[in-house]
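Chemist: With the numbering used here as the guide, the letters of the sequence shown map in order to residues 747 to 877. Pasting a structure below so you can have a look.
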Amino acid sequence: MQNDSNETEFGGPPQQGSIWPRLIRGMKLRCPRCGDGKLFRAYLKPVEQCSKCSQKWGDVRADLAPAWAAMTLSAHITVLIWHFFFWGTDLADWQLISYLCVIATGICLISLPPMKGLFMAIIWAKGTTDS
Ligand SMILES: [Zn+2]
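Structure below.
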């Protein structure tokens, strides 16, 4: 494992520089530290360590924060879609609710990995993990 002198035992959050590029790398599902390695080995399963920089990601647990963020984002976008595309249509209530449930679920499933990458990057950058 590569270690800088100012790193902690779980791989070292950045000590200087802007946090924003690291957060964007996490949202792109890339290693927030180097931006080259993959952050996930499955849909929401993080890699144990980055294949490029050896940063450990197995100890960084985002828990329920990504789900909360994905649902909040999904609710806001679904309401906008309802307002701009379905308002005033002659769909039956059950049809409208069915469409909106499918849209909201799709947005949640699409946004969950980037939200998890974002929160893993935040937790790593702030230097807080379970270990
Ligand atoms: Zn890396």
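Virtual Cβ for every residue (Gly too), placed ideally from N, Cα, C.
Taking 7 Å as the limit between beta carbons, can you name the residues of its chain near S764, skipping five residues before and five after?
Modeler: none
Chemist: For ligand 1, is there a heavy atom less than 7 Å away from the beta-carbon of D782?
Modeler: yes
Chemist: In the DSSP assignment, what are the bridge partners of F786?
Modeler: The partner list for F786 (beta bridge, DSSP) reads P792.
Chemist: Between L775 and F786, which are expected to be in contact by the criterion C-beta below 8 Å, what is the C-beta distance as a whole number of angstroms?
Modeler: 6 Å
Chemist: Given the structure, does I862 come close to ligand 1, in the sense that its CB is under 7 Å from one of the ligand's heavy atoms?
Modeler: According to the sequence shown, residue 862 is Lys rather than Ile. Not so, every heavy atom of ligand 1 lies at least 7 Å from the Cβ.
Chemist: Give the secondary structure of P860 by DSSP, where H, G and I count as helix, E and B as strand, and everything else as coil.
Modeler: helix
Chemist: Is any heavy atom in ligand 1 found nearer than 7 Å to the beta carbon of K798?
Modeler: yes
Chemist: Could you spell out where the alpha helix (DSSP H) holding T824 opens and where it closes?
Modeler: For T824, the uninterrupted alpha helix (DSSP H) segment begins and ends at 811–827.
Chemist: With 16 other CB atoms within 10 Å as the buried threshold, where does Q748 fall?
Modeler: Per-residue confidence for Q748 stands at a pLDDT of 43, beneath the threshold of 50, marking its modelled position as unreliable; the derived number appears in the next sentence. Q748 is exposed by the Cβ-count criterion.
Chemist: State buried or exposed for K862, treating a residue as buried only when at least 16 other CB atoms are found within 10 Å of its CB.
Modeler: buried
Chemist: Whose CA, out of P812, K798, L790, lies closest to the CA of G781?
Modeler: K798
Chemist: Between K872 and chain C, is the shortest Cβ-Cβ distance under 8 Å, so that the two count as touching?
Modeler: Here chain C cannot be found, since the structure has a single protein chain.
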